[in-house]
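Working notes, structure below.
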Amino acid sequence: MIDKQVRTVAEALEGLQDGAAIMISGFGEAGVPAELIDGVVAQGASDLTIISNNAGTGDVGIAALIGAGRVRKVICSYPRMVGSRHFEERYRAGELELELVPQGNLAARIQAAGSGLGAIFTPTGYGTKLAEGKETREIDGRHYVLEYPIQADVALVKAYKADRWGNLVYRKAARNFGPIMAMAGKTTIVQVEEIDPLGTLDPETVVTPGIFVDRIVRIADAGKAAA
Amino acid sequence: MSAADTIQRLDKQQLARRVARDIPEGAYVNLGIGLPTQVANYLDSAGDYFLHSENGILGMGPAPDEDHIDWDLINAGKQPVTLLNGGCFFHHGDSFSMMRGGHIDICVMGAYQVSTRGDLANWHTGDPDAIPAVGGAMDLAIGAKQVFVMMNLLTKTGESKLVEHCTYPLTGLGCVSRIYSELGVIDLGPDGAKVVEMVDNLTLERLREMTGVDLTMAQ
Numbered sequence: 001m002i003d004k005q006v007r008t009v010a011e012a013l014e015g016l017q018d019g020a021a022i023m024i025s026g027f028g029e030a031g032v033p034a035e036l037i038d039g040v041v042a043q044g045a046s047d048l049t050i051i052s053n054n055a056g057t058g059d060v061g062i063a064a065l066i067g068a069g070r071v072r073k074v075i076c077s078y079p080r081m082v083g084s085r086h087f088e089e090r091y092r093a094g095e096l097e098l099e100l101v102p103q104g105n106l107a108a109r110i111q112a113a114g115s116g117l118g119a120i121f122t123p124t125g126y127g128t129k130l131a132e133g134k135e136t137r138e139i140d141g142r143h144y145v146l147e148y149p150i151q152a153d154v155a156l157v158k159a160y161k162a163d164r165w166g167n168l169v170y171r172k173a174a175r176n177f178g179p180i181m182a183m184a185g186k187t188t189i190v191q192v193e194e195i196d197p198l199g200t201l202d203p204e205t206v207v208t209p210g211i212f213v214d215r216i217v218r219i220a221d222a223g224k225a226a227a
Numbered sequence: 228m229s230a231a232d233t234i235q236r237l238d239k240q241q242l243a244r245r246v247a248r249d250i251p252e253g254a255y256v257n258l259g260i261g262l263p264t265q266v267a268n269y270l271d272s273a274g275d276y277f278l279h280s281e282n283g284i285l286g287m288g289p290a291p292d293e294d295h296i297d298w299d300l301i302n303a304g305k306q307p308v309t310l311l312n313g314g315c316f317f318h319h320g321d322s323f324s325m326m327r328g329g330h331i332d333i334c335v336m337g338a339y340q341v342s343t344r345g346d347l348a349n350w351h352t353g354d355p356d357a358i359p360a361v362g363g364a365m366d367l368a369i370g371a372k373q374v375f376v377m378m379n380l381l382t383k384t385g386e387s388k389l390v391e392h393c394t395y396p397l398t399g400l401g402c403v404s405r406i407y408s409e410l411g412v413i414d415l416g417p418d419g420a421k422v423v424e425m426v427d428n429l430t431l432e433r434l435r436e437m438t439g440v441d442l443t444m445a446q
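Chain order of the listed sequences is A and B.
Take the first sequence: its position 48, counting from 1, is numbered 48 in this note's numbering, and each next residue is one higher.
Take the second sequence: its position 102, counting from 1, is numbered 329 in this note's numbering, and each next residue is one higher.
Here it is, written out as structure tokens:
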């Protein structure tokens with residue numbers, strides 16, 4: 001019998017190494033696997049590369065990892081948010097490398113990694129500072145920039161429900177980066193609110209097939225509306 | 228009283244109403260953060276408009292009342308929103324394919340500068356101390372079928388944001404089709420800037436003086 005469920009966050013993160021590249025789902029607060037990130041803080045791995053749309057706010061989540069000096073590099077589209085002071089401090093001090101990627105290129109490069117593509121030609125960013133020094137090509141009269149896949153050792157994803165095979169259902173706009181990051185991680189670790197018996201998730205509503213998922217951990221009441 | 232004093236500049240709400248007038252029913256539309264968001268208030272509530280949010284929503288509705296806030300249902304500005312009947316969710320890959328793939332009909336954005344040929348600068352002031360952040364601006368700029376910029380043509384100190392060449396870092400090349408401003412509507416393209424309409428008591432000559440760029444009337 002295959003059961004991808006593990007009992008604790010610590011068990012879910014087993015084997016996480018110093019120097020790892022970690023993808024983290026979420027847009028703003030929606031879809032952020034907060035308990036798994038707390039688990040990384042507690043686990044102790046450092047010299048990390050974080051791939052996520054934002055770079056965290058306040059003193060929790062990605063911001064806590066950055067604040068603790070555990071992050072070497074951030075690959076994201078929008079690090080500057082209200083309360084993103086840990087990112088700001090480390091970045092200004094030159095202690096944190098930033099690779100700024102237009103949001104759609106971030107998504108496409110993550111998809112390229114999960115889909116086994118060697119590179120993509122994207123029109124986004126052509127002629128701008130973010131494409132400086134990059135190879136370009138004109139195809140049918142349109143200009144494109146060559147961009148490479150973003151690989152990750154580990155993808156941390158938040159979904160709503162799973163079954164023991166790792167099939168995932170998401171909730172509303174918290175889906176955001178989850179499905180594409182789940183495909184790109186060498187090891188994909190998912191936190192969910194519910195694990196349902198096999199055969200009870202409607203197969204027509206499964207967004208991420210279990211083939212992309214390695215470990216699932218249930219976090220009771222995670223991600224309920226803040227109100 | 229000089230002529231400049233009698234120019235009937237549009238305020239923000241009038242400007243949002245003016246942009247809304249050019250969005251046809253059935254359009255798939257992305258409204259940028261800030262002022263462009265207010266365009267939604269002036270779309271005909273009896274009509275079907277498809278508002279797209281980059282984080283994976285089509286059929287986005289207005290803000291909920293306090294009792295119905297759901298932090299899994301937010302817009303690109305991370306504010307709580309609602310889903311209209313018929314609305315749906317999708318992941319980021321699909322969301323940006325909607326832009327890059329030319330499926331979004333219209334996007335409305337703000338800008339620091341726009342060139343007469345439609346180059347857009349709206350993601351970075353060029354200040355070396357600024358923390359850079361780009362989000363979805365570059366994807367929207369080159370992806371939507373029509374890019375409308377909604378901005379005041381003149382800064383508070385009277386400098387023109389419509390320029391021959393952008394000096395701020397570019398978001399996209401030749402991507403803006405039209406500017407909606409406090410002073411009028413201007414089409415942009417390879418042939419330069421063409422004035423579609425001006426507010427009352429403004430002349431083409433005066434608008435040329437104020438912006439310092441070459442302007443002609445649209446045919």
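We treat Cβ as the ideally placed atom computed from N, Cα and C, and that holds for glycine.
Quick check on this structure: which residue in B:Gly313, B:Leu270, B:Ile301 and B:Asp297 has the alpha carbon closest to the alpha carbon of glycine 286 of chain B?
B:Gly313
Looking at glycine 370 of chain B and proline 328 of chain B, is the spacing between their C-beta atoms short of 9 angstroms?
Just to set this straight, residue 328 of chain B is glycine in the shown sequence, not proline. Yes, these two residues count as a Cβ contact at 9 angstroms.
Mind reading off the beta-carbon distance from leucine 429 of chain B to isoleucine 250 of chain B? Whole number of angstroms is fine, and I expect it under 8 angstroms.
Here leucine 429 of chain B is actually not in contact with isoleucine 250 of chain B; their C-beta atoms are around 24 angstroms apart, not less than 8 angstroms.
Would the beta-carbon of valine 169 of chain A fall within 9 angstroms of that of leucine 201 of chain A?
yes
So, is the C-beta of serine 280 of chain B closer than 9 angstroms to a C-beta in chain A?
yes
Could you give the first and the last residue of the continuous alpha helix (DSSP H) run that contains glycine 114 of chain A?
Looking at the DSSP string, the run of the alpha helix (DSSP H) that includes glycine 114 of chain A is 103 to 115.
Check the Cβ of aspartate 299 of chain B against every Cβ in chain A and list those closer than 8 angstroms, keeping chain order.
Within chain A, Ala30, Gly31, Arg171, Lys172, Ala173, Ala174, Gly223 and Ala225 have C-beta atoms less than 8 angstroms from the C-beta of aspartate 299 of chain B, given in sequence order.
Under 9 angstroms between C-beta atoms, does phenylalanine 212 of chain A make it to chain B?
no
If we count Cβ pairs, one from each stretch, closer than 8 angstroms, do we get three or more for the segment 86 to 97 of chain A versus the segment 107 to 117 of chain A?
These segments do not touch.
List, in order along the chain, the chain A residues whose C-beta lies closer than 7 angstroms to that of valine 390 of chain B?
In chain order: nothing, as chain A lies at least about 16 angstroms away.
Please state the DSSP three-state secondary structure of asparagine 257 of chain B.
strand
Indicate the three-state DSSP secondary structure (helix, strand or coil) for arginine 7 of chain A in the structure shown.
coil
Reduced DSSP category for threonine 122 of chain A - H, G, I as helix; E, B as strand; rest coil
strand
Tell me whether the beta-carbon of glycine 56 of chain A lies closer than 9 angstroms to the beta-carbon of lysine 158 of chain A.
no
Using a Cβ-Cβ cutoff of 8 angstroms, what residues of the segment 309 to 321 of chain B are near chain A? List them in chain order.
Leu310, Phe316, Phe317, His318, His319 and Gly320
So with Cβ pairs under 9 angstroms, would you call glutamine 5 of chain A a contact of chain B?
no
Please report whether the beta-carbon of isoleucine 180 of chain A lies at a distance below 9 angstroms from any beta-carbon of chain B.
yes
Identify the continuous alpha helix (DSSP H) that holds serine 1 of chain A and give its terminal residues.
Reading the sequence as shown, one finds methionine at residue 1 of chain A and not serine. Note, methionine 1 of chain A: premise wrong, no alpha helix (DSSP H); not H, not E.
What is the DSSP secondary structure of threonine 430 of chain B, reduced to helix, strand or coil?
In this structure, threonine 430 of chain B counts as coil in the three-state DSSP scheme.
Alpha-carbon to alpha-carbon, methionine 23 of chain A and glycine 61 of chain A:
Approximately 13 angstroms, taken between the alpha carbons.
On the DSSP bridge list, what partners appear for leucine 130 of chain A?
Answer is none; leucine 130 of chain A lacks a bridge partner.
Simplified DSSP state of asparagine 268 of chain B, which is helix, strand or coil
helix
Going by C-alpha to C-alpha distance, which of B:Val374, B:Gln373, B:Glu409 and B:Cys334 sits closest to lysine 388 of chain B?
By alpha-carbon distance to lysine 388 of chain B, the top candidate from B:Val374, B:Gln373, B:Glu409 and B:Cys334 is B:Glu409.
Inter-residue spacing [alpha-carbon to alpha-carbon] between cysteine 76 of chain A and serine 52 of chain A:
Rounded to whole angstroms, cysteine 76 of chain A to serine 52 of chain A spans 5 angstroms at the Cα level.
So if I threshold CB-CB distances at 7 angstroms, which residues from the segment 141 to 168 of chain A count as touching chain B?
none
Distance check for valine 74 of chain A and isoleucine 150 of chain A, CA to CA, integer angstroms please.
Computed Cα separation, rounded: 12 angstroms.
Compile a chain-ordered list of the residues in the segment 331 to 344 of chain B whose CB is closer than 8 angstroms to at least one CB of chain A.
none
Nearest to valine 426 of chain B (by Cα), restricted to the options B:Asp418, B:Ala420 and B:Ile413
B:Ile413
Starting from the C-beta of valine 190 of chain A, find all residues in its chain whose C-beta is less than 6 angstroms away, skip the five residues before and the five after it, and write them out in chain order.
Val157, Ala159, Val213 and Ile216
Quick one: residues in its chain with C-beta nearer than 8 angstroms to the C-beta of threonine 309 of chain B, no 5 flanking neighbours on either side, listed in chain order?
These residues qualify, in order along the chain: Met287, Gly288, Pro289, Ala290, Pro291, His295 and Leu300.
Please list the residues of the segment 392 to 422 of chain B that have a C-beta atom closer than 8 angstroms to any C-beta atom in chain E, keeping them in chain order.
Of the chains in the structure shown, none is chain E; the protein chains are A and B.
Which residue spans inside the segment 16 to 70 of chain A form an unbroken alpha helix (DSSP H) run of at least 4?
34 to 43 and 62 to 67
Rounded to whole angstroms, how far is the Cβ of leucine 380 of chain B from the Cβ of threonine 438 of chain B, which I believe are closer than 8 angstroms?
6 angstroms
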